[in-house]
Amino acid sequence: MKGMSASLTLADAIAKYEPVIGLEVHVQLATRTKIFCGCPTSFGAEPNSNVCPVCLGLPGALPVLNRQAVDLAIEAALALNCAVNPRSIFARKNYFYPDLPKGYQISQYDQPLAEHGYIDIGGKRIGITRVHMEDDAGKSIHDGFRDSDRYSYIDLNRSGTPLIEIVSEPDMRSSDEAHAYLTELKQVLQYVGVSTCDMEKGHLRCDANVSVRLRGAEKLGTKAEVKNLNSFRFLKLALDHEIERQVELIEGGGRVIQETRLFNSDTGETVGMRSKEHAHDYRYFPEPDLAPLRVSEAWLSQVRARMPELPAARRRRFIESYGLREYDAEVLTSTREVSDYFEKVASVSGDPRSAANWVMGDLAALLKEAGKEIVESPVSAENLGALVAMIAQGKLSGKLAKEIFRKMFSTGEAAQTIMDREGLATISDEGALAKIIDEVIAANPKQVEQYRGGKATVLGFLVGQVMKASRGQADPAAVNRMLKEKL
Ligand SMILES: [Zn+2]
Numbered sequence: 101m102k103g104m105s106a107s108l109t110l111a112d113a114i115a116k117y118e119p120v121i122g123l124e125v126h127v128q129l130a131t132r133t134k135i136f137c138g139c140p141t142s143f144g145a146e147p148n149s150n151v152c153p154v155c156l157g158l159p160g161a162l163p164v165l166n167r168q169a170v171d172l173a174i175e176a177a178l179a180l181n182c183a184v185n186p187r188s189i190f191a192r193k194n195y196f197y198p199d200l201p202k203g204y205q206i207s208q209y210d211q212p213l214a215e216h217g218y219i220d221i222g223g224k225r226i227g228i229t230r231v232h233m234e235d236d237a238g239k240s241i242h243d244g245f246r247d248s249d250r251y252s253y254i255d256l257n258r259s260g261t262p263l264i265e266i267v268s269e270p271d272m273r274s275s276d277e278a279h280a281y282l283t284e285l286k287q288v289l290q291y292v293g294v295s296t297c298d299m300e301k302g303h304l305r306c307d308a309n310v311s312v313r314l315r316g317a318e319k320l321g322t323k324a325e326v327k328n329l330n331s332f333r334f335l336k337l338a339l340d341h342e343i344e345r346q347v348e349l350i351e352g353g354g355r356v357i358q359e360t361r362l363f364n365s366d367t368g369e370t371v372g373m374r375s376k377e378h379a380h381d382y383r384y385f386p387e388p389d390l391a392p393l394r395v396s397e398a399w400l401s402q403v404r405a406r407m408p409e410l411p412a413a414r415r416r417r418f419i420e421s422y423g424l425r426e427y428d429a430e431v432l433t434s435t436r437e438v439s440d441y442f443e444k445v446a447s448v449s450g451d452p453r454s455a456a457n458w459v460m461g462d463l464a465a466l467l468k469e470a471g472k473e474i475v476e477s478p479v480s481a482e483n484l485g486a487l488v489a490m491i492a493q494g495k496l497s498g499k500l501a502k503e504i505f506r507k508m509f510s511t512g513e514a515a516q517t518i519m520d521r522e523g524l525a526t527i528s529d530e531g532a533l534a535k536i537i538d539e540v541i542a543a544n545p546k547q548v549e550q551y552r553g554g555k556a557t558v559l560g561f562l563v564g565q566v567m568k569a570s571r572g573q574a575d576p577a578a579v580n581r582m583l584k585e586k587l
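For the sequence shown, the numbering used here gives the first residue as 101, with consecutive numbering after it.
Structure follows, in structure tokens:
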């Protein structure tokens with residue numbers, strides 16, 4: 101490595117520096133129609149079919165703000181612990197790009213919708229500077245490999261799709277923290293129903309501002325903006341690469357320049373695109389066709405009233421009122437659907453801890469095998485709850501319950517229906533059990549002798565024989581007790 105003493109490895113060099121990371125996340129709001137016109141936002145439509153004079157940027161067309169988009173943006177802001185400004189201003193951000201027919205983006209600049217929020221990740225608080233609303237540009241599609249055969253296409257279906265941009269404070273100190281922040285952010289927004297956050301469809305896009313400074317230094321280093329971090333894996337790879345690149349550059353006597361870099365997922369590297377533009381390059385000015393956005397206290401409290409319980413609060417409640425372990429509570433609040441399903445099973449069964457084990461264990465395994473989401477589960481939460489209740493009441497052995505559960509999953513039927521049809525039930529009737537136990541004792545004289553001679557472990561074998569003879573239907577606790585008595 102140029103300019104670096106041979107004894108100093110790259111890892112040593114990186115350890116001398118502290119990365120400083122801030123994220124800018126664009127999220128597509130889950131509205132049916134675009135932000136300033138009535139065109140649908142549906143994904144995958146014929147190119148340039150969901151367009152009108154407004155989102156095509158035709159001269160004279162006037163934007164009308166979509167109230168549902170504002171509702172969702174407010175919900176996002178509240179979920180991210182932001183203060184919503186009673187008055188915010190739309191501004192034109194001027195730049196040229198072929199997929200931006202208006203020649204400007206309608207965004208918010210010095211008076212955004214909301215400010216001063218935060219997200220907690222593993223005991224650390226990451227500040228959120230602002231949440232503002234804006235419209236999306238269209239899409240350029242590049243095709244062809246040879247110069248003579250290279251085309252670019254423009255699809256304006258996405259033009260005018262409502263977005264919020266969530267800008268964090270530069271509070272993250274590693275790619276892992278950035279990963280945790282984005283994970284939590286995505287989870288909260290999905291939970292509230294603000295966005296699907298489907299990264300493959302571009303509903304959540306992430307750019308990162310990255311700089312490094314010597315540990316202990318106060319002054320921030322020069323930052324580079326890394327764009328195109330469109331998966332969690334890419335985010336981590338790109339940040340680690342960018343941190344390494346900057347450290348290597350500085351250690352080699354060079355200096356970082358403020359620029360925009362693009363992450364190339366094929367090479368795992370970031371590549372300089374252009375020197376970073378500054379806010380003044382955009383010539384922001386207030387959008388003359390839109391009145392200031394006023395959010396009254398009444399509007400705010402309306403939105404607040406219909407907000408669901410947020411994942412962090414629900415996690416705490418699961419631990420406190422159901423006695424779940426922290427890890428389990430985390431898994432069971434990973435999505436709103438999982439949380440709702442679990443709570444239903446817990447309440448129907450009256451046994452939250454077993455409910456947690458079934459949802460995270462047997463159900464999760466079968467869902468994974470079938471490639472299904474929990475909302476598509478053939479076993480309803482009510483039916484699983486009833487099954488768990490039967491185990492808790494000693495009406496079913498765990499082993500038999502698992503067998504019945506597999507059948508519930510393949511047929512969608514209730515446990516009781518399957519048990520009635522197949523004559524399955526746990527035998528705890530002492531008369532019936534005694535008969536089976538007597539048979540097993542008679543058939544295994546050698547083991548009986550060993551047990552009586554003091555070899556206590558043989559009991560397990562005998563219990564197993566009884567369970568087998570009863571086709572798994574015997575109540576294991578009763579078998580244990582009765583076997584001991586008889587022997
Ligand atoms: Zn339109």
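C-beta atoms are modelled at their ideal positions from N, C-alpha and C, and glycine is treated no differently.
Quantities reported herein were computed from a predicted structural model and do not represent experimental measurements.
Original post:
Mapping DSSP to helix, strand and coil, what is methionine 567?
Top reply: helix
Subject >> For glutamine 168 and glutamate 124, the rounded distance between their alpha carbons >> reply: 23 Å
**OP:** Measure the C-alpha to C-alpha separation of isoleucine 270 and isoleucine 228 and round it to an integer number of angstroms.
**Re:** Reading the sequence as shown, one finds proline at residue 270 and not isoleucine. Between proline 270 and isoleucine 228, the C-alpha separation is close to 9 Å.
Subject >> Alpha-carbon spacing of isoleucine 357 relative to isoleucine 343, whole angstroms >> reply: 13 Å
Subject >> Secondary structure of methionine 101, DSSP reduced to three states >> reply: With a pLDDT of 46 at methionine 101, under the threshold of 50, the predicted position of this residue should be treated as unreliable, though the coordinate-derived value follows. Coil, per DSSP.
Original post:
Among residues of its own chain, excluding the 5 on either side of methionine 101, which ones have a beta-carbon nearer than 6 Å to its beta-carbon?
Top reply: Residue placement at methionine 101 is flagged as unreliable, the pLDDT there being 46, under the threshold of 50; a coordinate-derived value is accordingly withheld.
Original post:
According to the Cβ coordinates, are isoleucine 266 and arginine 230 closer than 9 Å?
Top reply: yes
**OP:** With a threshold of 16 other CB atoms inside 10 Å of the CB of tyrosine 117, please say whether the residue is buried or exposed.
**Re:** buried
**OP:** For the beta strand (DSSP E) holding arginine 225, just list the boundary residues, first then last.
**Re:** 224 to 235
Subject >> Under 9 Å between C-beta atoms of glycine 423 and proline 452 >> reply: yes
Subject >> CB contact flag (lysine 586, aspartate 538, <9 Å) >> reply: yes
**OP:** In angstroms with no decimal places, state the Cα-to-Cα distance between alanine 574 and proline 411.
**Re:** 41 Å
**OP:** Measuring from each Cβ to the nearest heavy atom of ligand 1, keep the ones under 6 Å and list them in chain order.
**Re:** Lys134, Cys137, Cys139, Val151, Cys152, Val154, Cys155 and Gly260
**OP:** Quickly, what does DSSP pair histidine 126 with across the bridge? List them, please.
**Re:** Glu265 and Arg305
Subject >> Through-space distance from alanine 470 to arginine 581, alpha-carbon basis >> reply: 40 Å
**OP:** Can you check the stretch 361 to 413 for any beta strand (DSSP E) of at least 3 residues that lies completely inside it and give the ranges in chain order?
**Re:** 369 to 375
Original post:
Just curious, the beta strand (DSSP E) that asparagine 194 is in, first and last residue?
Top reply: 190 to 194
Original post:
Is it a yes or a no for the stretch 256 to 263 touching the stretch 141 to 160, going by three-plus beta-carbon pairs under 8 Å?
Top reply: yes
**OP:** Report the three-state DSSP secondary structure of alanine 183 (helix, strand or coil).
**Re:** strand
Original post:
Would DSSP call alanine 145 helix, strand or coil?
Top reply: coil
Original post:
Comparing alpha-carbon positions, which option in Met490, Asp199, Ile221 and Ile189 lies nearest histidine 232?
Top reply: Ile189
**OP:** Measure the Cβ-Cβ separation of valine 288 and leucine 129 and say whether it is below 9 Å.
**Re:** no
Subject >> Rounded C-alpha distance that separates arginine 571 from isoleucine 504 >> reply: 13 Å
Original post:
Once you ignore the five residues that flank arginine 132 on each side, which residues in its own chain have a CB closer than 7 Å to its CB?
Top reply: Pro140 and Thr141
Original post:
Counting pairs of Cβ atoms below 8 Å between the stretch 441 to 455 and the stretch 474 to 493, do you hit three or more?
Top reply: yes
Original post:
Excluding sequence positions up to five away, which residues of its chain have a Cβ less than 7 Å from the Cβ of asparagine 148?
Top reply: Asp255, Leu256 and Asn257
Original post:
Apart from the five residues on each side of it in sequence, which residues of its chain come closer than 7 Å, Cβ to Cβ, to serine 439?
Top reply: Arg414, Leu432 and Thr433
**OP:** Kindly indicate the opening and closing residues of the beta strand (DSSP E) around serine 589.
**Re:** Given a span of 101 to 587 for the chain in the structure shown, any question on residue 589 remains unanswerable.
**OP:** Flag this pair as touching only if the stretch 391 to 403 and the stretch 358 to 375 have three or more C-beta atom pairs under 8 Å; answer yes or no.
**Re:** no
**OP:** For the alpha helix (DSSP H) containing aspartate 112, list its first residue and its last residue.
**Re:** 110 to 116
**OP:** Measure the alpha-carbon distance for arginine 345 versus serine 311 and round it to whole angstroms.
**Re:** 10 Å
**OP:** Spatial neighbours of arginine 568 within its chain, please: CB distance less than 7 Å, with the 5 preceding and 5 following residues excluded, ordered by chain position.
**Re:** According to the sequence displayed, residue 568 carries lysine and not arginine. So the list is empty, once near-sequence residues are dropped.
**OP:** Could you tell me the distance, in whole angstroms, from the CA atom of tyrosine 80 to the CA atom of serine 240?
**Re:** This structure does not reach residue 80, given that the chain is present from 101 up to 587, and the question cannot be answered.
Subject >> Test item: CB-CB of alanine 183 and glycine 217 under 9 Å >> reply: yes
Original post:
Roughly how many angstroms separate the alpha carbons of aspartate 307 and glutamate 409, rounded to a whole number?
Top reply: 29 Å
**OP:** Return the CA-CA distance between arginine 417 and glutamate 426, expressed in angstroms with no decimal places.
**Re:** 11 Å
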